[in-house]
Ligand code: SAH
Ligand code: SF4
Ligand code: F3S
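Residue numbers (the numbering used here): 39 to 480.
Rendered as structure tokens:
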């Protein structure tokens with residue numbers, strides 16, 4: 039028996055990368071690798087990268103620079119780049135960072151074991167194809183080990199929307215949905231291993247239209263089937279596009295017991311002129327009406343969103359329209375970014391907003407969002423919410439978990455174990471989390 043080789047994976051970007059990293063680790067498990075938490079003793083380092091904004095992409099090269107010393111000490115160490123930077127830059131990565139042995143795009147992960155073998159022969163390996171075969175089914179099935187109470191499950195990948203700022207359609211390719219039965223099998227397998235909450239993932243998850251036994255299934259149909267799995271207690275999904283929020287999905291938010299009252303629904307801007315220039319194909323008004331319908335189905339739903347400030351040609355008046363939309367929606371959470379030029383996307387060629395102006399707008403927008411977020415949290419004080427405990431907290435006897443609304447909740451002396459779901463009375467609201475006391479299980 040040879041000693042297992044060690045694999046260090048560092049993951050950047052979205053939750054789909056987190057899911058992919060798990061699957062890549064499993065695939066390389068078949069080549070004798072076990073995961074390690076530090077690059078220092080690794081036989082292989084894999085960076086699973088993100089290309090969404092310039093800073094995210096540049097991080098990869100500075101990180102690779104830091105591995106130079108390690109590689110000089112241990113020439114057997116193999117270094118790989120996966121994810122969206124790998125897809126976007128391909129061979130260019132090996133030119134810019136000659137220490138890289140392997141570059142693999144997100145659609146080719148099932149070929150990783152062969153590629154790794156090739157690097158062990160002293161060759162470089164590059165694969166950024168969009169192959170016909172389905173990577174999910176070619177990846178080895180999940181090992182049967184127990185795992186934490188929450189899991190991601192990718193159901194849909196890629197995007198056909200081509201927003202003018204975004205690299206995802208180029209790095210992840212066309213929209214593809216996995217067959218429903220395969221997802222249900224994977225979900226049951228996760229539940230058998232201790233998972234109680236599953237977050238369904240897709241770049242446009244609500245555009246899901248996977249093959250079912252009786253024709254294509256919508257995301258709502260899939261959620262209803264998951265709702266029937268004993269032992270699975272909570273279902274979430276992300277990220278949704280406003281144009282794909284179908285009636286059955288809105289209705290499920292009101293009627294499906296395990297579907298959690300939290301919805302991430304990015305709008306990007308509140309100015310119709312900018313939305314049009316972004317190629318978003320919805321208006322501020324249609325988005326607001328949509329949220330009305332969602333809230334009619336589930337009045338307590340916590341809304342979250344994404345915003346880009348300083349998109350090319352955005353004026354102060356456009357920005358104010360975004361602020362007005364935020365005031366009207368009243369978000370419980372939001373992510374906001376300064377527009378970042380991405381080579382090859384249509385908006386990269388347009389008149390850019392001054393950097394100082396972008397920073398100023400971002401600050402104002404974030405101040406408003408922070409106020410709303412804090413108000414949503416404060417409104418939880420005194421209420422009883424259900425918390426799924428995920429891990430012990432920093433203090434003795436403390437447990438940390440998430441409420442139905444995805445708020446982080448700290449509970450002292452509850453006697454609860456990881457994986458328990460308990461009613462908790464919220465006692466106070468902090469900067470980014472709530473504190474509460476556990477009540478006897480209902
Ligand atoms: N599929 C999702 C999100 C994809 S990327 C959707 O359609 O909303 C996540 C977020 O990154 C986007 O919602 C957007 O707010 C932000 N983003 C994407 N490209 C960007 C860019 N070039 N500059 C700044 N932010 C960007
Ligand atoms: Fe990017 Fe737009 Fe597709 Fe979302 S919908 S992944 S923002 S192109
Ligand atoms: Fe980044 Fe690719 Fe996800 S660009 S956000 S890792 S889809």
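Note that the Cβ used here is the ideal one computed from N, Cα and C, for glycine as well.
Here residue 373 is exposed, its C-beta having fewer than 16 other C-beta atoms within 10 Å. Contact between residue 332 and residue 306 does not hold, since their C-beta atoms are separated by about 18 angstroms, which reaches or exceeds 8 angstroms. Per DSSP, the continuous beta strand (DSSP E) segment holding residue 463 begins and ends at 459-467.
Burial state of residue 75 is exposed, judged by a 10 Å Cβ sphere holding fewer than 16 other Cβ atoms. Closest by C-alpha distance to residue 388, out of 203, 328 and 415, is 203. The beta carbons of residue 474 and residue 459 sit no closer together than 8 angstroms.
Note: residue 302 is bridge-paired with 342 in the DSSP secondary-structure output.
Taken through DSSP and simplified to helix, strand or coil, residue 408 comes out as helix. The beta carbon of residue 54 sits closer than 7 angstroms to at least one heavy atom of the ligand F3S. Within the same chain, 291, 292 and 299 come within 8 angstroms of residue 336 by CB-CB distance, once the 5 residues on both sides are set aside. Taking a C-beta distance under 8 angstroms as the contact criterion, residue 190 and residue 223 do not qualify as a contact pair. The ligand SF4 never approaches residue 168 closely enough for any of its heavy atoms to be under 7 angstroms from the residue's Cβ. Residue 407 and residue 139 have their C-alpha atoms roughly 43 angstroms apart. It is roughly 40 angstroms from the alpha-carbon of residue 429 to the alpha-carbon of residue 253.
The ligand SF4 approaches residue 279 closely enough that one of its heavy atoms is under 7 angstroms from the residue's Cβ. Distances between the C-beta of residue 244 and the heavy atoms of the ligand SAH are all 7 angstroms or more. Distance between residue 91 and residue 131, taken at the CA atoms: about 17 angstroms.
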